[in-house]
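Taking it in order: structure first as structure tokens, then the write-up.
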Amino acid sequence: MPENRLKVPLAVSQDLVKHIRLLALAGRRSFDRYLVGPIREAGWRPITSAQKTRKMIERIGIEMENPAYRHTISPRCKRLVQVSLSESMAAVGDASIFFLESMQADAIVASGEESIEFADIIEPPLAEFREVNSTKSERLFRETIEAIDGEELKTAFDPVRLGNPEQKVQMDREVHSLYRQIVVASGRNDIPKCRKLIAGYLIRSSDREEYDAHEVEKVIDALEQREPGFRRDLMDMLEADLYYRITRGIIEGDVAKAIQGIRKYSYVFQGSPDTRHYYDVDRLERALYQIITDKNLWDDLKK
């Protein structure tokens, strides 16, 4: 965690959001240990308010649209988190995610004193949770894929089969609709929405035959010209999203979702060790391929 941080980097806020969502799946004890407890221990005491967390989130969200309020969002989000501490763990999770997503949406919010303080408070315990969860996920993943038979593993390895023409048409429509939304958001210069939409488009389409890499690159290049660093932030968002999908799939016992996420991660990032979660995903991929080898399934999977 760097000292004298001037703003909360997009990659950090994205990663923290995903780990809070994973933390919510780990149970109340873990949620208290790695999120609620550290916030309280940092001196952010609970505040009682006539206005509940959900209503405060709605109001702050509306005010973020007005440039005149941008400098007030960070301190108001701190108060939001403190109010949530007097309500419930779910409220703390909602308030924390809203605060972090507000940092992603606006550089002024990300530069706020309270935003930097909040990220500095929760980043170390969530990094600890990530380490614990990574080890647990790898063990659980190994146990799950070792236990299923060869036919189940083949189905999980290739979970989307577009033999059904209606299914293929529906997926094509969804992809084209998403691409049109990207073009519209780009025309409005809505950079945060463009990042989110393109990340979603890449996750759904980058490994499909009809994926038009040239057109996507043109859009990304144009946005990079308007907003230097757009490509880097996009890839950070994409990585955080894929890592979350993989880990959630493992936790929920959805082998197909986990394997699909691992394959997409490898396809998009081409084994680059510079990505934040490279070593975690690499261990899972190695475990998967080792078990495919042990079960002698490579020839079947290539059909």
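To convert a position in the sequence shown, counted from 1, into my numbering, add 9. Using N, Cα and C, we set each Cβ at its ideal position, and we do this for glycine too. Since the structure is predicted, the reported quantities are computational estimates derived from the model, not experimental observations.
Element boundaries [alpha helix (DSSP H), containing Pro-55]: Position 46 of the sequence shown, counted from the start, is the residue given in the question as residue 55. Segment: none, Pro-55 is in no alpha helix (DSSP H) and carries neither H nor E.
As assigned by DSSP and simplified to three states, the class of Pro-18: As a first step, residue 18 is located in the sequence shown; it is residue number 9 there, counting from the start. Shown here, Pro-18 sits in coil according to DSSP, grouped into three states, outside any helix or strand.
Distance, Arg-37 Cα to Gln-269 Cα: As a working note, residue 269 is residue 260 in the sequence shown. As a working note, residue 37 is residue 28 in the sequence shown. One C-alpha to the other measures close to 29 Å.
3-residue-minimum beta strand (DSSP E) runs that sit fully inside the region 236-269, ordered along the chain: none
Minimum C-alpha distance to Asp-289 - residue among Val-193, Val-264, Phe-150 and Ala-156: Mapped onto the sequence shown, residue 289 falls at position 280. Out of Val-193, Val-264, Phe-150 and Ala-156, Phe-150 has the C-alpha closest to the C-alpha of Asp-289.
Cβ separation of Pro-126 and Val-26, assumed to be a contact under 8 Å, to the nearest whole Å: Here the question's residue 126 lines up with position 117 in the sequence shown. Here the question's residue 26 lines up with position 17 in the sequence shown. Note that residue 126 corresponds to Glu in the displayed sequence, not to Pro. Wrong, their Cβ atoms sit about 17 Å apart, outside the cutoff.
Burial state of Thr-284 (16 or more Cβ within 10 Å): On the sequence shown, position 275 is the one that residue 284 refers to. The residue in question, Thr-284, is buried, as its Cβ has 16 or more Cβ neighbours within 10 Å.
Extent of the continuous alpha helix (DSSP H) to which Lys-64 belongs: Here residue 64 refers to the residue found at position 55 of the sequence shown. That run of the alpha helix (DSSP H) goes 62-72.
Other residues of its chain near Ile-66: CB distance less than 6 Å, five sequence neighbours each side excluded: In the sequence shown, residue 66 corresponds to position 57, counting from 1. The residues are Phe-107.
Sub-7 Å separation of Asp-242 and Leu-19 beta-carbons: In the sequence shown, counting from the first residue as 1, residue 242 sits at position 233. In the sequence shown, counting from the first residue as 1, residue 19 sits at position 10. Contact: yes.
Span separating the alpha-carbon of Glu-248 from that of Glu-74: In the sequence shown, residue 248 corresponds to position 239, counting from 1. In the sequence shown, residue 74 corresponds to position 65, counting from 1. Glu-248 and Glu-74: Cα-Cα distance of roughly 28 Å.
Exposure label - Thr-302; buried when at least 16 CB within 10 Å: By 1-based counting over the sequence shown, the position of residue 302 is 293. So Thr-302 counts as exposed.
Beta-carbon contacts of Ile-191 that lie in its chain and below 7 Å, excluding the five residues immediately before and after: Working through the sequence shown from its first residue, we reach residue 191 at position 182. Excluding positions up to five away in sequence, the list reads Cys-203, Leu-206, Ile-207, Tyr-210 and Val-228.
Distance between Ser-120 and Asp-308 (C-alpha atoms, nearest Å): What you label residue 308 is simply residue 299 of the sequence shown in a count that begins at 1. What you label residue 120 is simply residue 111 of the sequence shown in a count that begins at 1. If I take the Cα positions, the gap works out to 53 Å.
Straight-line gap, Asp-129 to Gly-159 (C-alpha atoms, nearest Å): Looking up residue 129 in the sequence shown gives position 120. Looking up residue 159 in the sequence shown gives position 150. About 46 Å.
Whole-angstrom distance between Ala-59 and Gly-196, CA atom to CA atom: Here residue 196 corresponds to residue number 187 of the sequence shown, with the count starting at 1. Here residue 59 corresponds to residue number 50 of the sequence shown, with the count starting at 1. Roughly 41 Å between the two C-alpha positions.
Span of the alpha helix (DSSP H) around Glu-123: As a first step, residue 123 is located in the sequence shown; it is residue number 114 there, counting from the start. Element bounds for Glu-123: 122-156.
Cα-Cα separation between Pro-84 and Val-118, rounded to whole angstroms: The count along the sequence shown starts at 1 and reaches residue 84 at position 75. The count along the sequence shown starts at 1 and reaches residue 118 at position 109. Answer to the nearest angstrom: the Cα atoms are 9 Å apart.
Supposed close pair Ile-260, Leu-297 - CB separation, criterion 8 Å: What you label residue 260 is simply residue 251 of the sequence shown in a count that begins at 1. What you label residue 297 is simply residue 288 of the sequence shown in a count that begins at 1. Between Leu-297 and Ile-260 the Cβ distance is about 17 Å, and since that is not below 8 Å, they are no contact.
Counted within 10 angstroms of its Cβ, other Cβ atoms place Leu-34 as buried (16 or more) or exposed: One-based indexing of the sequence shown puts residue 34 at position 25. By the neighbour-count rule (16 or more Cβ atoms within 10 Å), Leu-34 is not buried but exposed.
Beta-carbon contacts of Lys-304 that lie in its chain and below 8 Å, excluding the five residues immediately before and after: To locate residue 304, count along the sequence shown from 1; it is residue 295. Excluding positions up to five away in sequence, the list reads Gly-159 and Leu-162.
CA nearest to the CA of Arg-88, picked from Ser-143, Ala-99 and Ser-124: Residue mapping note: residue 88 aligns to position 79 of the sequence shown, counting from 1. Measuring from the Cα of Arg-88, the nearest candidate turns out to be Ser-124.
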